[in-house]
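*Asks:* One structure, as structure tokens, below. Some questions next.
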Amino acid sequence: MFRLTWRLQRRGLIGMSAFGIFYGIFQAAAYNSAAGPTAATRHAFGQATETFGRQYSLFLPLPHGVDTIAGFIQWRVYGALPLLFGFWALLSASGATRGDEERGLVEQWLAAGVGRLRYLVTRFVGFALSAVIAITLTSAAIDGGAAGAGSALPIGPLIEVSVALLGLTLAIYAVTTVVAQLTVTRGAAAGLGGLVVGVMFFINGLSRSVDTLKPLAQTISPFYYYDRTQPLSPGGTFDVPATLALFAVATVLAALALWFMRARDIGSALIRLPTRPRPYTDRPSPNRVLRMPVLASIYEQRLGVLAWGLGAAFFAFYLASVARQTADLIQGSAGFRNYLTVAGHGNPYIALTGYFWFGIALLLLAVYAITQVARWSADDNEGRLEMLLSAPVSRTRVVIERAVALMFRLAIIIAISSIALDLGGAVANIQFDVGALTVASLLLEPFGLSFAAIGAVLASRAPRATVAVLVTYTFLSYLITQLGPLLRWPDWALKISVFNLYGAPLTNGVDWTGLWIMSAITIGGFSVGALLMKRRDVGS
Amino acid sequence: MTAAIRTRGLSKNYGQGRGLFDLDLDVDEGEVLGYLGPNGAGKTTTIRLLMGLIHPTAGSATIFGLDCQRQAVEVKRQVAYVPGELPQFGGLRGSEVVAYVAGLRGGVDEKVVAQICQRFSLDLGQRFREYSRGNKQKLAIVLGFMHRPRLLILDEPTGGLDPLNQQEFYNLCRETRDAGATVFLSSHILSEVEHISDRVGIIRDGRLVKTLKLSELHEIRVHQVEIEFAGTVPLDAIRAAQGVDRVEAKDHRVRCVVQGSFESLMKALSGATVVNFVSHEPSLEEIFLTFYRGAGPVKAGETGSTARPA
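Chains as they are written, first to last, in the numbering used here: chain A, 15 to 554; chain B, 143 to 452.
Following this line, the structure appears as structure tokens:
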């Protein structure tokens, strides 16, 4: 069983290790470009970043000692990795708990005489081993990147922060395993798990700047205990009790998950809510929307779209509402003040909001597009596409409907988040130009669609490899956006990233070149996708 | 009359000897053709080629004169496909799945849906994920039959159905045939195709090895029989009985294989005291191993020919 578990785990392990290695090497290597070669430039960089980094306190720990490469890596890399590894733990736990149950694998194992204790322990140990390997490779790559930049990291603190990251990753895995016992499907487990972990993450993020939230973060958030350990920062320490607490939480929650799993029926949630008795029916649903091609698809995903919209709205509102305060802080630095004033055409608040929100919105929409492409891929692998094509529906129509439905779903998410941005701006007394905000929001459409169009080509050519390839491309694109300017890459190299094609329309107007390229990718991608779809065998 | 299904040299080569090779097959309009073969013989590949889901490496297929590849959409207006297993529709209710597929097809009469649901006691109010395997298969049958197609392509459609519902399904197929529709029934169960087919095509290792009229099915029908006697065993009479082969005797027990009718064996047993008589139908693969080892392909229009029986 362990070998099978290992097989099921290996894609995640390879993917995470690859991401970790790339991320680590690039971030470490970028330090010299960002901070400059001399002690004076590094000191200036450290001061500016510590001021600027406060804006990130919802997502990253407060920066400390970033005028050294070790401090920078502690903040920028080991501050962000919990998100990456936490996401992996979330997906792995929901897949191991509910995904395999949906596929009937758990039933098979239990029928073959594997006890629930052995099942959960094997999955947990399998994931723990994967996490150890991925974190070790990531940390080794970070050290390699730092050594390449001329300053190898101290081994002891590097091991200490890696151990803390392992503890946090296992704790999130265990949290999701417990939460998954309350749901029935993998999607619900990932959604509810994401909500719980998200609340833990943001409570801790908020507690970095709101002291009254600290007791709550201390009570419910494993991220709080991870933050205690910052051994790479100058003067930072390895908090042994906090790290042990992470492992203890993981163990206790794993035991709780086992108890829940023993108490429930396979295929059912731990708590079965009483369902309203429904009369027998032998008639098709009268819901007209289900009979309308594009609308049926939107209706089917209505809860997901709403969740994405509200999640994006939360980010938009928060970032806009704190923009004035942050901009005022940042303007203490003359360089930033000039930059923001020029970029915002006289209004630094709008420049800062645009920079933060639209940067995050692009990432969110890219991830959303990937989830949609993953569905297209799953439609093929799981037989839904075959069912669809058994009706008098052409393959071209399938591709067009996918694109149009996605366009509407993106529009809903963008509209909700843009309204939230405007409201958040109003709270902070920042008045957006309605026309500019509308244009900036509308331009998110071709961005999301262009990602999906690349996915459409992949899903039509090699559906089984689609998600892995698209996620890799997204990750590398984002890295290019983040690191390309720091490493002074040429313009053409930066344009490889779709993220760079969006421009800064809130402050600088439409980047027409970028828009044309995104439009060409969208139209070309879906056209090629339709052509490839016609040519290939369904289900292969 | 236009053939409901016509294939010529239809092939799909997956390599390493897997796939479908040189299929020449005609199915007349209004006919029920049983398409019989063991697992992995190429039945589903044939169906996927007919439905235009996969592309042939050679040959052609038409349905009502329409090319299955180039005119796939027009073909599917005339055809219903009932798979052996429905894909997951997750949280959708049965009624919503029906409405969704009805929206794709158009022209679905709700009364027909209600009639089929009533026959199979299927509640469309349940969520898809709550359905048992049998109920999922009933839903597949509803989706296939609800728009009164001219041709029904059924891929092992009774998997998961209990015997009563299987009988109901056979009745539904007969009624559909009587109403003028053509049925292409893929199965690996000989007795199933016997229930409703006018003709049977036998496929093995990707090649059509034989087509038979229903009246000729006894040629391949065999039973493994085990008889227990209270007293003397009429061994010589059993060995001499027509259609009885591979007789093995031990103590008061006899095992043998009977091809075709039991009449001759029964006569041989008359006068003996039989305390137990067990007969079972061997798997299709066992039948093939017995009778069609090394059999070659059959050409369209040929029936009743067994190529080189072992």
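Cβ coordinates follow ideal geometry from the N, Cα and C atoms, glycine included.
Is the shortest distance between the beta-carbon of M193/B and the beta-carbons of chain A less than 7 angstroms?
*Replies:* Interface residue, yes.
*Asks:* Cβ of V420/B within 7 angstroms of Cβ of C398/B?
*Replies:* No, the pair does not count as a contact, with Cβ atoms beyond the cut-off.
*Asks:* Spatial neighbours of A264/A within its chain, please: CB distance less than 8 angstroms, with the 5 preceding and 5 following residues excluded, ordered by chain position.
*Replies:* Answer for A264/A: G181, L184, A185, Y187, A188, listed in chain order.
*Asks:* In three-state DSSP terms, what is D124/B?
*Replies:* Missing from the structure shown is residue 124/B; chain B here goes from 143 to 452 and no further.
*Asks:* From the DSSP secondary-structure annotation, give me the bridge partner or partners of Y177/B.
*Replies:* Answer is S328/B, G343/B, bridged to Y177/B.
*Asks:* So with CB distances below 9 angstroms, who are the chain A contacts of L266/B?
*Replies:* What L266/B touches in chain A: Y294, T295, D296, R297, P298, S299.
*Asks:* Which full runs of the alpha helix (DSSP H) of 4+ residues lie inside the segment 216-256 of chain B, going along the chain?
*Replies:* For the segment 216-256 of chain B, whole alpha helix (DSSP H) runs of length 4 or above, ordered along the chain, are 236-247.
*Asks:* To the nearest whole angstrom, what separates the beta carbons of F311/B and I344/B, a pair I think is in contact under 8 angstroms?
*Replies:* About 22 angstroms separates the two Cβ atoms, so there is no contact after all.
*Asks:* So who's on the other strand from D447/A, going by DSSP bridges?
*Replies:* D447/A pairs with nothing; no bridge assigned.
*Asks:* Chain B partners of P406/A, CB-CB under 7 angstroms?
*Replies:* Near P406/A (Cβ distances below 7 angstroms), the residues of chain B are V215, K218, R219, R247.
*Asks:* Just to confirm, is the Cβ distance from A203/B to L195/B under 7 angstroms?
*Replies:* In this structure, L195/B does not lie closer than 7 angstroms to A203/B by Cβ.
*Asks:* Output, in chain order, the set of chain B residues within a Cβ distance shorter than 9 angstroms of T199/A.
*Replies:* The contacting residues are G232, G233, R271.
*Asks:* Any beta carbon from chain B within less than 7 angstroms of D551/A's own beta carbon?
*Replies:* Chain B, which has a Cβ nearer than 7 angstroms to the Cβ of D551/A, makes this yes.
*Asks:* Please look up how many angstroms separate the CB atoms of E236/B and P293/A, rounded, as I've assumed it's under 8 angstroms.
*Replies:* Sequence check: residue 236/B is Gly here, not Glu. Rounded, the Cβ-Cβ distance is 13 angstroms, inconsistent with contact.
*Asks:* On the criterion of 16 or more Cβ atoms from any shown chain inside 10 Å, does A146/B qualify as buried, or is it exposed?
*Replies:* Classification for A146/B: buried.
*Asks:* Cα separation between D241/A and F73/A?
*Replies:* Approximately 12 angstroms, taken between the alpha carbons.
*Asks:* Can you pull the chain B neighbours of G397/A, defined as C-beta to C-beta under 9 angstroms?
*Replies:* Near G397/A (Cβ distances below 9 angstroms), the residues of chain B are P225, E227, L228, P229, Q230.
*Asks:* Along chain A, in chain order, which residues have C-beta atoms closer than 7 angstroms to that of C259/B?
*Replies:* What C259/B touches in chain A: D296.
*Asks:* Classify L8/A as buried or exposed, calling it buried when 16 or more other Cβ atoms lie within 10 Å of its own Cβ.
*Replies:* This structure gives no information on residue 8/A, because the portion of chain A shown stretches from 15 to 554.
*Asks:* What do you get for F141/A, buried or exposed, if any count of 16 or more other CB atoms within 10 angstroms of its CB means buried?
*Replies:* That one is buried.
*Asks:* Kindly give me the distance between the Cβ atoms of H330/B and E298/B, rounded to whole angstroms, as I take these residues to be in contact under 8 angstroms.
*Replies:* Correct: roughly 7 angstroms between the Cβ atoms.
*Asks:* For R395/B, count neighbouring Cβ atoms within 10 angstroms of its own Cβ and tell me buried if that reaches 16, exposed if not.
*Replies:* Result: exposed.
*Asks:* Let me check one thing: in DSSP terms, what residues is E64/A bridge-paired to?
*Replies:* E64/A pairs with nothing; no bridge assigned.
*Asks:* Which residues share a DSSP beta bridge with I369/B?
*Replies:* DSSP lists V396/B, F419/B as partners of I369/B.
*Asks:* Could you give the distance in angstroms between the alpha-carbon of A442/A and the alpha-carbon of I414/A?
*Replies:* Answer to the nearest angstrom: the Cα atoms are 42 angstroms apart.
*Asks:* Looking at the strands, I want to know which residues DSSP matches up with L172/A.
*Replies:* The partner list for L172/A (beta bridge, DSSP) is empty, contrary to what the question assumes.
*Asks:* By the 8 angstroms beta-carbon criterion, what residues does the segment 310-330 of chain A contribute toward chain B?
*Replies:* Answer set for the segment 310-330 of chain A: A310, E314.
*Asks:* Which residues does DSSP list as the beta-bridge partners of L162/B?
*Replies:* Its beta-bridge partners are K154/B.
*Asks:* Scan the segment 161-192 of chain B for residues whose Cβ lies nearer than 7 angstroms to a Cβ of chain A and list them as they occur along the chain.
*Replies:* Hits within the stretch: zero.
*Asks:* Hey, would you say V342/B sits closer than 7 angstroms to G176/B, going by beta carbons?
*Replies:* Against a cut-off of 7 angstroms, the Cβ pair of G176/B and V342/B comes out as a contact.
*Asks:* Apply the 10 Å Cβ neighbour rule to M193/B and answer buried if 16 or more other Cβ atoms are within range, or exposed otherwise.
*Replies:* Buried, because 16 or more other Cβ atoms sit within 10 Å of the Cβ of M193/B.
*Asks:* Report yes if the C-beta distance between V418/A and V303/A is below 7 angstroms; otherwise report no.
*Replies:* Cβ atoms of V418/A and V303/A: not closer than 7 angstroms.
*Asks:* Going by C-alpha distance, which of G208/A, W390/A, W530/A is nearest M547/A?
*Replies:* Of the listed residues, the one whose Cα sits closest to M547/A is W390/A.
*Asks:* Any beta-carbon of chain A closer than 7 angstroms to the one on S237/B?
*Replies:* Closer than 7 angstroms: yes.
*Asks:* For A326/A and Y332/A, I'd like the C-alpha separation in whole angstroms.
*Replies:* The alpha-carbon atoms of A326/A and Y332/A are separated by roughly 10 angstroms.
*Asks:* Taking only the alpha-carbon atoms, compute the straight-line gap between L206/A and T199/A and give it to the nearest angstrom.
*Replies:* Spanning the two alpha carbons is a distance of roughly 11 angstroms.
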